[in-house]
Structure formats: C-alpha cells, structure tokens
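Mapping the sequence shown onto my numbering, position 18 (from 1) lands on 18, and the numbers just tick up by one.
All C-beta atoms, glycine included, are put in the ideal place defined by N, C-alpha and C.
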Amino acid sequence: MGFVVSGVWAKEAEALLEQQPQAKTDTGAHVGDVSSFVGLTLEELITRFGFPQSVCAVRGIETWQDDVVFTYEAGDFYIYKDRVWQIQVKTAYGIKIGDNLASISWILGEGTQMYSTYFLIPLRGHPWPLTLRLNVNSAGLISAIFIYRPDF
C-alpha cells in the first residue's frame, strides 16, 4: 500500500484542531471541525498526518474493546479495523485541556449527560452519530477531550 505524505496536509490538519466549526462540507461535516477526522481510513490518516510518532495497543475491559492507537502531535487516533473511530485531542470547539468547566458551560446543551468525572455531549449534523466527551478532574478542569462514534 503506497501513501503520499504531505507536510502541507499535516499542517492543515493540525490547524483544524484550533478552529471552530464553520461551513459544512458536502458530507455534512463542518469545515474546521476536528470531528471530521473520525471515520478516516488508515490511508487518509497517514496521508494527512504522515506516519505516527508511535503506535500502541490500549486494552479494553473486554477483548473486543482493545484498540490500536496512532499518536501524533495533533492527538491520539483510535483505530477499529481500518478506520478512526475515536480521537483524543488537546483542543476542540474552543475548549482546551486545563480549561475550567464553568468557563465552557455554553457547550453543555440539550442531550448532555453529566457524570461525576465526565460529560457526554452529542454532536449533531454529521453523517453518523458522534459524541464529545470532556473528562473533568477534581479541581473542575478539563483533563481530556475525546470525540468518538458511540455506535462502535
């Protein structure tokens, strides 16, 4: 399998992590929306970001929950079969690791599920269901940001 690695694509992809969603593409994803990385094939992922800095296995509670994770400067990309099903990033939707939960309450809208250490927020307007998970530490600060397909 041949991959074309483009430094320009990698820079553009990383810039998407810093932007708010704007116009929609023909698939329904927003331009500048990091959630558009969920669903990428392995070839698309490597074409956009290059070869990963590292690759590791992450064990789930059940064997079927095991993942292969490609790590890039931009974040961690969790792979199921040949597609990205989840990403962990440092910033998305104007939220970044270390932000105070109170300062981002605007995102906690309809459908938000609140738990003791995290929030699940449905992301609408995509070709498949997506959820934003914000992990919160005991100080009320965002400690992790995930975007994933809850149907996987």
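Quick one: residues in its chain with C-beta nearer than 8 Å to the C-beta of residue i, no 5 flanking neighbours on either side, listed in chain order?
i, result
"aspartate 26", "Legend: pLDDT at aspartate 26 = 35, less than 50; position of this residue unreliable, no value from coordinates given."
With DSSP as the reference, identify every bridge partner of residue i, one or two as the case may be.
i, result
"lysine 96", "Thr91"
"asparagine 135", "Tyr118, Ala144"
"threonine 41", "Arg83"
Apart from the five residues just before and just after residue i, which ones in its own chain have a Cβ nearer than 6 Å to its Cβ?
i, result
"leucine 40", "Val84"
"isoleucine 164", "With the chain represented from 1 up to 152, any question about residue 164 goes unanswered, as that position is not in the structure."
"aspartate 156", "The structure shown does not extend to residue 156, since the chain is modelled only from 1 through 152, so no value can be given for it."
Buried or exposed: residue i, going by 16 or more other Cβ atoms within 10 Å of its Cβ?
i, result
"tyrosine 115", "exposed"
"aspartate 33", "buried"
"alanine 139", "exposed"
"valine 58", "exposed"
Under the three-state reduction of DSSP, which class applies to residue i: helix, strand or coil?
i, result
"glutamine 65", "helix"
"leucine 130", "strand"
For residue i, which residues of its own chain have a beta-carbon under 7 Å away from its beta-carbon, when the five flanking residues on both sides are left out?
i, result
"proline 52", "Phe70, Thr71, Tyr72"
Report the option in the options whose CA atom is closest to the CA atom of residue i.
i, options, result
"isoleucine 46", "Thr63, Asp76, Trp64, Gly60", "Asp76"
"serine 36", "Asp66, Val55, Val89, Gly50", "Val89"
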